[in-house]
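Worksheet for the structure shown next.
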Amino acid sequence: MMLFIAGPVRASFEWTEGARQAYHSIITLRFQDGRRQLEAEKQLHPDNDILPFIENYIDFLTVFLHENKAEFQQLLPNKDARLKLLDEAPKNSPWYLLTHAEVNLQWAFARLRFGEYMPAAMEINKAYRLLTRNAKLYPDFIPNRKSLGLLHALIGTIPDEYAWAKNLIGVEGSVSQGVNEMMSVLEAAGRQEDLAFLKTETFFLVTFAQLNLELEGISVTPGFKALIGQLFTEDEYANNPLYVYSSARIAMDQGDNEKAISILQRRPTDTAYEPFPYLEYLLGTALQGKLDAGAAVYFESYLKHFKGKSYLKAARQRLAWIQLLAGNEARYREIMEQVKTSGNTTLGADKQAMQAAESGVVPNVKLLKARLLFDGGYFNKSLQVLVADGNARGFDTREERVEFVYRLARIHQELQHADKAKTYFDMTIRDGETLPLYYAANAALQLGMMYEKEGDLEEARKYYRKCISLKDHEYAQSLSQKAKAGLNRVGEK
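Per my numbering: the sequence shown = residues 124 to 616.
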């Protein structure tokens, strides 16, 4: 990487070997090593202005991993202290504006974890102005694109009810735009040795934006897989938790559940690494996708070690499912009572778990097995469960019959049986649109995407609009945003 030297007095932003080592330790969640390396580097190069920027990653990742509000509030004053140090740096480096923007952007991202939309919007606005100015001054400065990409992805996730926040920020963005920008940085990291240090962070951000911001599915092309294969080695599974996260999420999203399990089982677990409890939840989910009751160990570990609020309801619901599949309905009901008093309902999975707990309805075991197998990518096994003893037998309620048809539609969609999928999706909409369930809305969304892919844009518009019109269900915000993104792609009329 180019080193930007301000003059004889200040070292400016210099990615020395020690600075790179500290950054690498921190981005692979070895915070203790990173802190020691930073302190050593401060002794050797006290005027190196890149160091407070690297140090900010510890706070950012701590908030991301732990999601602890008290910890967030304790760490927040560090933001202004680091920005003050960066203000004293020479201004004739592309890293000057980028580091200021990145610190603001990282704290905005942290705030969004706790619903602090107003201050996050102000920080995003500041970061955007700094990044666009930097892009004009240094148009070939590739690290700037990573931050712009993250910013555009974040803007694309602000809910419609916070339109004022978008107006305050003063810029439009989308997940797909942000992902494309970050992908260009990832590709550059594979080509240029001086940018290789950016690969882990950028790969993590690309994956997180695609899969966690709940707007669009990830597109893993053969070229993308080849690029990741070039950038990382098999050893990364054992010493790089963020790579484990990204790789496992992609494998699960692509229906390769066995690969996801293999990746997650090789995750680093020794005390040199900052705990990443979500990997426990993820491994439990992958195992449950093949109906492995051993998943319970990992959900219990997540509940024991995670200090935030996300996925607490979902993890307990999954533990309850294990009991139900084992024939213990009484224990299922006990655990679902715990769902009511744990965590929050910010995420769709937790909201769905809460609604299931409040309804008091015990899931149909056949439908539950089919759902879990489908989520694990075992489509033929899921279909076999549904049709084992006749198509509609054993479903006593309207809700169960609608879910049965919906699950058939999703399975046939994944098996590339387009005509059957469309028929069952239409049936789902017809019979389920007045139910407070997501099946009809997602059926409309899936039909919109199918027709968009086929080039029938009018039909695509019709179903995207239908999806948006269906509001009283647990995933209303997420599905509506996906449908709106679809309308943007096909062109609203």
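Don't be surprised by glycine CBs; every beta carbon is placed ideally from N, CA and C. Treat the numbers as computed from the prediction; the structure is a model and nothing was measured.
key: Contact under 8 Å by Cβ, isoleucine 445 with alanine 419   = yes
ask   = Going by DSSP, what residues sit across from phenylalanine 497 in a beta bridge?
value = The partner list for phenylalanine 497 (beta bridge, DSSP) is empty, contrary to what the question assumes.
Cα-Cα separation, leucine 221 to isoleucine 149 = Isoleucine 149 has its alpha-carbon roughly 19 Å from the corresponding atom of leucine 221.
ask   = To which residues of the same chain is glutamine 388 closer than 8 Å at the C-beta, ignoring the five residues directly before and after it?
value = Leu406
Residue environment, serine 592, which counts as buried when at least 16 other CB atoms sit within 10 Å = Exposed: under 16 other Cβ atoms inside 10 Å.
ask   = Looking at the structure shown, is phenylalanine 183 part of a helix, part of a strand, or coil, going by DSSP?
value = helix
Alpha helix (DSSP H) segment containing phenylalanine 527, residue limits = 521-537
message = Just verifying my parser: in three-state terms, what is the DSSP assignment at phenylalanine 136?
response = strand
message = So within the stretch 301-376, which uninterrupted beta strand (DSSP E) runs reach at least 3 residues, ignoring any that extend past its ends?
response = none
request  = Pull up the CB-CB distance for leucine 274 and leucine 260, whole angstroms please, since I reckon it's below 8 Å.
outcome  = The pair is not a contact, with the Cβ atoms about 17 Å apart (cut-off 8 Å).
request  = Look at the Cβ atom of aspartate 182, then the Cβ atom of leucine 198, and state whether they are nearer than 8 Å.
outcome  = Against a cut-off of 8 Å, the Cβ pair of leucine 198 and aspartate 182 comes out as a contact.
ask   = Would the beta-carbon of alanine 606 fall within 8 Å of that of leucine 570?
value = no
query = Are there 16 or more other CB atoms within 10 angstroms of the CB of aspartate 473, so buried, or fewer, so exposed?
reply = buried
query = Where in the stretch 380-421 do unbroken runs of the alpha helix (DSSP H), each at least 4 residues long, occur, reported from the N-terminal end onward?
reply = 380-388 and 401-411
query = Is the stretch 500-508 close to the stretch 367-384, with three or more CB pairs under 8 Å?
reply = yes
message = So, does the stretch 556-568 touch the stretch 576-590, judging by three or more C-beta pairs under 8 Å?
response = With a cut-off of 8 Å, the stretch 576-590 and the stretch 556-568 count as touching, because enough Cβ pairs lie within range.
request  = For my contact list, glutamine 155 and alanine 544 are in at a C-beta cut-off of 8 Å; report their separation, rounded to the angstrom.
outcome  = The Cβ separation is near 51 Å, so there is no contact.
inquiry  = Looking only at its chain, what residues have a beta carbon closer than 7 Å to the beta carbon of glutamate 359, apart from the 5 residues adjacent to it on each side?
reply    = Tyr366
task = Decide if alanine 175 is buried, meaning its Cβ has at least 16 other Cβ atoms within 10 Å, or exposed.
result = At residue 175 the sequence reads proline, which differs from the alanine that was named. By the Cβ neighbour-count rule, proline 175 is buried, with 16 or more other Cβ atoms within 10 Å of its own.
inquiry  = Within 8 Å, do at least three Cβ pairs link the stretch 228-236 to the stretch 204-213?
reply    = Contact check between the stretch 204-213 and the stretch 228-236: fewer than three CB pairs, one atom from each, fall below 8 Å, which does not count as touching.
inquiry  = How far does the alpha helix (DSSP H) with alanine 599 in it extend, from its first residue to its last?
reply    = 599-613
message = Does the structure place the stretch 521-539 close enough to the stretch 424-432 that three or more beta carbon pairs sit under 8 Å?
response = no
For glycine 483, three-class secondary structure by DSSP = coil
task = Determine the contact status of leucine 442 and leucine 496, defining contact as a CB-CB distance below 8 Å.
result = Contact check for leucine 442 against leucine 496 fails: the beta carbons are separated by 8 Å or more.
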